[in-house]
Each structure stands twice: as C-alpha cells, then as structure tokens.
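Chemist: Those protein sequence lines, which keep their order, are chains A and B.
All letters in the first sequence, in the order written, are residues 185 to 388 by the working numbering.
All letters in the second sequence, in the order written, are residues 185 to 388 by the working numbering.
Got a structure here, written out as structure tokens. Questions coming.
Number of protein chains: 2
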Amino acid sequence: MDAPATIKKGRKFDAVLSGARAVFLRDGFEGASVDDIAAEAGVSKATLYSYVPDKRMLFQEVARHECARMAEATLDIVDFAAPPREVMTATATSLLRFLLSNFSLQMFRICAAESARFPELGQAFYESGPEMGCNRMVLYLKVAIARGELVAEDPVMMAEQFSELCKTRLWTRAIFGVQTEFTDAEIEHVVHEAVGTILARYGT
Amino acid sequence: MDAPATIKKGRKFDAVLSGARAVFLRDGFEGASVDDIAAEAGVSKATLYSYVPDKRMLFQEVARHECARMAEATLDIVDFAAPPREVMTATATSLLRFLLSNFSLQMFRICAAESARFPELGQAFYESGPEMGCNRMVLYLKVAIARGELVAEDPVMMAEQFSELCKTRLWTRAIFGVQTEFTDAEIEHVVHEAVGTILARYGT
DNA sequence: CACAACCTAAACTATGCAGTTCAATTGCAG
DNA sequence: CTGCAATTGAACTGCATAGTTTAGGTTGTG
Chain A
185 MDAPATIKKG RKFDAVLSGA RAVFLRDGFE GASVDDIAAE AGVSKATLYS
235 YVPDKRMLFQ EVARHECARM AEATLDIVDF AAPPREVMTA TATSLLRFLL
285 SNFSLQMFRI CAAESARFPE LGQAFYESGP EMGCNRMVLY LKVAIARGEL
335 VAEDPVMMAE QFSELCKTRL WTRAIFGVQT EFTDAEIEHV VHEAVGTILA
385 RYGT
Chain B
185 MDAPATIKKG RKFDAVLSGA RAVFLRDGFE GASVDDIAAE AGVSKATLYS
235 YVPDKRMLFQ EVARHECARM AEATLDIVDF AAPPREVMTA TATSLLRFLL
285 SNFSLQMFRI CAAESARFPE LGQAFYESGP EMGCNRMVLY LKVAIARGEL
335 VAEDPVMMAE QFSELCKTRL WTRAIFGVQT EFTDAEIEHV VHEAVGTILA
385 RYGT
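What follows is the structure in structure tokens.
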C-alpha cells in the first residue's frame, strides 16, 4: 500500500480547485505559491493539503478538470449536415478564439514547460486537448468524405494540418507575448486563409 | 545614467555562456541554479556576476547568442534558382529537424513560459527566431512568384502557414513530451504532406 | 444536545536559491 | 620583477517556499 497520490474531496474542495486555477493562471506553476492558492480559495493550507498530496497533483487536478469542462463545451459546434467550408470556418473561429484565450495560452505554457520533468502532465494534456479535438474533427471529415465533399486519404493528417493552420501568425505571436489583443478582423482573416489552404488541398 | 543592465566581458566569458547554455537546457530557467551554472562553467559565482547583472540577463544573452549562431547556420540552405517543390522540401526538412531538436524545444518552453512575466524575452526570441526565419523564406517566395512558379498575394502569410504546417503532429507531440524520438520516415512524411498542402494552395 | 468529521490559524521545519562581500590569489603587461 | 586587474572561494544575507504540526473552533446530523 504505497501512497497512491490520492485526491480526497471535502466540503471546500471546489473552492480549492477554483482558487488554484486562478493563481496558476496568473502566476504559472513555479510562480504560484501554495499560500497564495489557499488564500485565494479562502481556505487554510492544512485543508488544502488534506485534499491533495502536493502542488503538482493539485495542478494536474486543475488541468484535468478544465479540460473536461472544455471538451463538454466544444461538443456541439459541428453541424454534421453542413458543407465543409461552413463547418471548417465555424470550427476554426471557435478553435482560434479558444487558443488565444488567456487560459489556453497559460495552460500551454505551463504544460509545455513542466512536461520536460513531469511527463505524465504533458501526456495527459495532449490527450485531452489537441488529440481529443482532432478526433472530434475527424468524425466530421469522414462524413464529408463519404459524401464526396472532401478527398483525403488520411483524415487524421488533414485534421492535424488544419489545427496547425489555425495557429498561424496570431497564436505564435500570442504565446511569446508579442501581441496580446486580437481584433475580430484579424481572427477572421487568419481563419479565412486557413480554410482556403486546407480546402485547396482537400476540397472537391 | 541608470544601470543599463550591461554585459561586461572578460577572460572566461565564453565558458560562462556555454555553461549557462548547458544548464538552462537541462533544467529549464527556474530549475537552473546559478551555483550549478558557475560550477558547470568552471568559474566562481563572483566572476559570473561580474559579467552579468542577473540570471535573466544571463539567459537572454545565451538565447541571443544561440539564435545568432542558428541564423548563420540556416543561411545557406535556399537555392534561389531551384523550383518551389524542391526548395520547400529541403527547407521544411531542415526546419523540422531543428524544431524537433532538444535545444529548440527547451528554448521554446523556456521563452514561452517566461514571456508571461518577462516580455522582452519572448519579444526577442520571436524576432530572432520565427520572424527572422519567415523573412528569409519570403525572399525566396517573391522570386518564385516573379518567375510565375507560385501565386500568392500575401507571401508573408504563405511563409507563416508553411512553417506552421511543418509543426503538424511531430512538433506538437514533441513539445509535450509525448514522443521523443523521430524516424527519418516520420519526418519525411510530415514534410511531404506540408509541401503538398502549401503547393495545392499556392502552386501553379 | 452530543458527537464526529471537518476546518482553521499560525507557528514551525527544512530547504534552496539569488545575489553580495572580501581577503587572498592568480596571471598578464610593461 | 612589479603592479594592476581579473579571478577565486567561501561565507553570508535575505528572502521565499513546500509541506507539517498542533491545539482549538465550526458545522451538520442523528
């Protein structure tokens, strides 16, 4: 019976989680202090440590929780009856908006930085983030291919290229803090170009 | 006359720089201790601090130095006389190999993570990394467009989309530590698909 | 009310790290 | 050889943090 790195819940568990979310998002992983998190959550440090064995597990729990929320929220965007250009434009807009959000950027920074010495974290984030999003997209692509609206031998590659195209210019600038505000016009433009390129290759 | 955050050189400056490079690459920015760096460089901490005002500036100096080296090395890949498919395949292969290197990944992690609270760093890295690479690519693209081998109203957008396409699948997996070894076949495949997609849109 | 589980505040341990100081030493230039 | 500047090592300051402990307070439930 080794310590299984258990998460034990309790009355104020949710407060801890949302406090942790706020502080990690503001200060990053190394920058966040457990005292700050406890204060932000309105909870004593002892309580916090009765739920969670250490800081890392706390962050992992926050990440898991938020990814699940996100997955649920993004579930219903795709209209399987609609034609590719329309669906992909809508998806790209929604995806890009998410990718440019403070939450997503900071999450990416933390998970990328920590994944070098905390592999499970990167793994978990990849699977419940990029990979899951890709899988959902592939579902639609296969339908559209069957309908003859797209031609793609490898729909997974197509979906991955598409996600990547959405990150062009704006995301790259955002992740390095070169640009922090984005107009609707900028977003629309990048989306339009991404859809244009992907359909040039895979459209009919 | 405020302290201009000066870098003052000295006999062992290069040793410090290369020691810092090694330790930052191994441990990240927060994870690296200045004592370790001094030890790795075979130099006393006092000497180190006589060159560099603080840890951040030291890292920035390492980044600057390495980006310059990189820029020089990547200078001569493009053959301006060759046709697009050939040039872009060669460029993509070289770029992707670089992007998947330990150095590049770790550098990206650090710069992305620190850019939230150290904006100049993200800025500097973006300019001497992605932006510079993009500019170099655009030079070729314009030539090829003039020759009628490509059609692109916005060559900058094309270059940016192309870099992004190169990151498909492998880079995303690498940055999160999901995959750490990459075969030539995997790289060739991603490159081939990236070139295929970009030329479907912009080729003639 | 009584009781058990839960929570709190604050002090405490232990550690680690950035950056400084200074007397002693080294190495190079003239 | 002399003298000056660069370098050294090691101790030291000061701060910040992760995680623990303790003695006591709160809350909901039967």
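Cβ coordinates follow ideal geometry from the N, Cα and C atoms, glycine included.
Across the region 231-247 of chain B and the region 294-308 of chain B, are there enough close Cβ pairs to call them in contact, namely three or more that are closer than 8 Å?
Modeler: yes
Chemist: Which chain B residues sit within Cβ distance under 8 Å of L349 (chain A)?
Modeler: Q345, E348 and L349
Chemist: Against chain A, with Cβ distances strictly below 8 Å, would C251 (chain B) count as a contact?
Modeler: no
Chemist: Can you tell me which of the three DSSP states L334 (chain A) falls into?
Modeler: strand
Chemist: Since V227 (chain A) contacts K193 (chain A) with CB under 8 Å, what's their CB separation in whole angstroms?
Modeler: V227 (chain A) to K193 (chain A), Cβ: 13 Å. No contact.
Chemist: If you scan the region 214-277 of chain B from start to end, which runs of the alpha helix (DSSP H) of 4 or more residues do you find wholly inside it?
Modeler: 218-225, 229-235 and 239-257
Chemist: Tell me the residue span of the alpha helix (DSSP H) that contains G306 (chain A).
Modeler: P303 to Y310
Chemist: With a CB to CB cut of under 6 Å and the five nearest residues on each side skipped, what residues in its chain are close to S312 (chain A)?
Modeler: C251
Chemist: Give the secondary structure of G212 (chain B) by DSSP, where H, G and I count as helix, E and B as strand, and everything else as coil.
Modeler: If DSSP states are grouped into helix, strand and coil, G212 (chain B) belongs with the helices.
Chemist: Taking 6 Å as the limit between beta carbons, can you name the residues of its chain near C350 (chain A), skipping five residues before and five after?
Modeler: Cβ neighbours of C350 (chain A) beyond the five flanking positions: A276, L279, L280 and A378.
Chemist: Mind checking E256 (chain A): buried by the 16 CB within 10 Å criterion, or exposed?
Modeler: With fewer than 16 Cβ atoms within 10 Å of its Cβ, E256 (chain A) is classed as exposed.
Chemist: Would you give the residue range spanned by the alpha helix (DSSP H) that R357 (chain A) belongs to?
Modeler: L354 to I359
Chemist: Could you pull the start and end residues of the alpha helix (DSSP H) that E298 (chain B) belongs to?
Modeler: Run containing E298 (chain B): N286 to S299, per the alpha helix (DSSP H) assignment.
Chemist: With distances taken Cα to Cα, identify the nearest neighbour of S391 (chain B) among B:L232, B:M321, B:E214 and B:R293.
Modeler: In the structure displayed, chain B extends from 185 to 388; residue 391 (chain B) sits before or after that span and is not available.
Chemist: Roughly how many angstroms lie between the CA atoms of D211 (chain A) and A206 (chain B), to the nearest whole one?
Modeler: 26 Å
Chemist: What number of angstroms, rounded off, separates the C-alpha of T364 (chain B) from the C-alpha of L284 (chain A)?
Modeler: Cα to Cα, the separation comes out at about 27 Å.
Chemist: In terms of residue numbering, what span does the alpha helix (DSSP H) encompassing E344 (chain B) cover?
Modeler: P339 to C350
Chemist: Helix, strand or coil for G380 (chain A) per DSSP?
Modeler: helix
Chemist: If you pair each beta-carbon of the region 370-385 of chain A with each one of the region 353-361 of chain A, do three or more pairs fall below 8 Å?
Modeler: Between the region 370-385 of chain A and the region 353-361 of chain A, the count of C-beta pairs closer than 8 Å reaches three or more; the two stretches touch.
Chemist: Considering only DSSP beta bridges, list what G387 (chain A) is partnered with.
Modeler: Here G387 (chain A) is bridged, per DSSP, to A:L334.
Chemist: By the criterion of Cβ-Cβ separation under 9 Å, what are the contact partners of S299 (chain B) in chain A?
Modeler: R293, I359, F360, G361 and V362
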